[in-house]
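Numbering (my numbering), first residue to last: 1377 to 1782.
Each residue gets a CB set at the ideal place from its N, CA and C atoms; glycine is no exception.
What follows is a set of notes on a single structure, which appears directly below.
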């Protein structure tokens, strides 16, 4: 019976030691020092640490490490990796209660040790997952340093400047977006550049309009001469025009004029010998009239072509005048656009100056916060690494105790 009891106890403890899940422990060490303003101490001739021992200072830091906000932030960060599948079906209220229990459990599991006569803090945490244990410890230390800064007086100033800078940044972005929307809606780039472009375009249109008006006036004057000579029956001498100066027309009219002149000379010669009723005289008269009709027909065609050209020039004048008027209206409207654009741009520049000022003040506060941290300097002298061997179960110790018990 005794032997059976002995073997059973040793076997059960040994089996349990090998079947129990492995627990890994991650550890990080911090050097926490209180800064002393030596300049003030020398100036006032006093010991600034009087009445405040290192042990009191370390105890204060340990209390901060054990505080609820730090534990809550750590659990919130790793809650998904610490949760089980069964927690997914819980209600929101049950999840909240379980979350609070996890925070309390974490506060119990975290171990903080201060070696005697030192300002070093050793922080340990155990978990079945070695990687997770080291990550939790390192995040815990980072959260402590961040929280330590937040509760200092400088952090309030830093937070205020950070908030104001974010507000200024949002306002600046809104103004820049408004400026971009204004440009897109009004279809403008730089108002000054657009003004120069419009002025140059209007100058070109005005020059073209002047040229067209000059050409139209010239053609109208020549047309008046054409019509006057047609009315007077003088079709021999006609003014030079674009329509009448074509080589084929010039040659044809010159030929007709030559024929007309020859026939008139022949007629005069015949009239010296015969009467106007003489058959050859009448035939020449008919030929002269036919030639004159051809010349008049050519001149009428020239007049018609010139009148068409004048109408085209008038239509071109109207189009150019309308374009000039349109550009004038655009320039007038551009003044209002330029005013609105300048108002928007001025607001952007003012907001940029405010943002730059807040950014500089925030950086000054950050540097001051990093330097002071309420008179505390924290250094991580040994960050947590992934443990390679478990701390639990202690198999050899368990077997030895089982043998003694058996």
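Check: Neighbour flag for residue 1642 against chain C, beta carbons, 8 Å; Outcome: Checking the listed chains, one finds no chain C in this structure; it contains a single protein chain.
Check: Contact belief for residue 1540 with residue 1724 at Cβ below 8 Å, rounded distance in angstroms; Outcome: 18 Å between Cβ atoms; not a contact.
Check: The beta strand (DSSP E) enclosing residue 1401, as first and last residue numbers; Outcome: 1400 to 1410
Check: Distance between beta carbons of residue 1548 and residue 1727, contact taken as under 8 Å; Outcome: 4 Å
Check: Touching by the beta-carbon criterion (3+ pairs, under 8 Å), the stretch 1397 to 1411 and the stretch 1763 to 1781; Outcome: yes
Check: Residues sharing a beta bridge with residue 1496, DSSP; Outcome: 1407
Check: Alpha carbon of residue 1514 to alpha carbon of residue 1380, nearest angstrom; Outcome: 49 Å
Check: Environment of residue 1524 [buried if 16+ CB atoms lie within 10 Å]; Outcome: buried
Check: Same chain only: Cβ atoms within 6 Å of residue 1667, ignoring 5 sequence neighbours per side; Outcome: 1632, 1635, 1636
Check: Proximity to residue 1760 [Cα-Cα], best of 1553, 1386, 1517, 1474; Outcome: 1517
Check: Cut-off 8 Å between Cβ atoms - residues of its own chain near residue 1373, not counting five sequence neighbours on either side; Outcome: Nothing can be reported for residue 1373: it is not among the residues displayed for the chain, which extend from 1377 to 1782.
Check: 8 Å contact criterion, which residue 1406 and residue 1756 should meet: CB distance rounded; Outcome: 6 Å
Check: Cα-Cα separation between residue 1697 and residue 1576, rounded to whole angstroms; Outcome: 15 Å
Check: Beta-carbon spacing of residue 1582, residue 1664 below 8 Å; Outcome: no
Check: Opening and closing residue of the beta strand (DSSP E) in which residue 1489 lies; Outcome: 1487 to 1489
Check: Inter-residue spacing [alpha-carbon to alpha-carbon] between residue 1526 and residue 1546; Outcome: 24 Å
Check: Rounded straight-line distance, which links the Cα of residue 1682 to that of residue 1600; Outcome: 11 Å
Check: Residue environment, residue 1503, which counts as buried when at least 16 other CB atoms sit within 10 Å; Outcome: buried
Check: CA nearest to the CA of residue 1552, picked from 1718, 1778, 1733; Outcome: 1718
Check: Buried or exposed (CB count within 10 angstroms, at least 16 for buried), residue 1644; Outcome: exposed
Check: Of the residues 1579, 1434, 1781, the one placed nearest residue 1498, counting alpha carbons only; Outcome: 1434
Check: Under the three-state DSSP convention, the category residue 1417 falls into; Outcome: A caution first: residue 1417 carries a pLDDT of 45, below 50, which makes its placement in the model unreliable, though a value can still be read off. Reduced to three states, the DSSP call for residue 1417 is helix.
Check: Enclosing alpha helix (DSSP H) for residue 1507 [first to last residue]; Outcome: 1506 to 1526
Check: Residue 1503: CB within 7 Å of a non-hydrogen atom of the ligand HEM; Outcome: The model on display carries no ligand, and the ligand HEM is accordingly not part of it.
Check: Contacting residues, own chain, Cβ-Cβ under 8 Å from residue 1426 (five flanking each side not counted); Outcome: Below a pLDDT of 50, predicted positions are generally treated as unreliable, and residue 1426, at 48, falls in that range; no measurement from the model is reported.
Check: Among 1472, 1505, 1512, the one whose alpha carbon lies nearest that of residue 1487; Outcome: 1512
Check: Option in 1454, 1578, 1538, 1659 with minimal Cα separation from residue 1703; Outcome: 1578
Check: Span separating the alpha-carbon of residue 1732 from that of residue 1522; Outcome: 25 Å
Check: Residue 1642 to residue 1598 span [Cα, whole Å]; Outcome: 33 Å
Check: Beta-carbon spacing of residue 1592, residue 1693 below 8 Å; Outcome: yes
Check: Counted within 10 angstroms of its Cβ, other Cβ atoms place residue 1520 as buried (16 or more) or exposed; Outcome: buried
Check: Residues bridged to residue 1755 [DSSP beta-bridge criterion]; Outcome: 1407
Check: CB of residue 1753 within 8 Å of CB of residue 1409, strictly; Outcome: yes
Check: Length-filtered (4 minimum) alpha helix (DSSP H) runs lying within the stretch 1540 to 1599; Outcome: none
Check: Residue 1657, buried or exposed, once every other Cβ within 10 Å from all chains shown has been counted against 16; Outcome: buried
Check: Buried/exposed call for residue 1650, threshold 16 Cβ in 10 Å; Outcome: exposed
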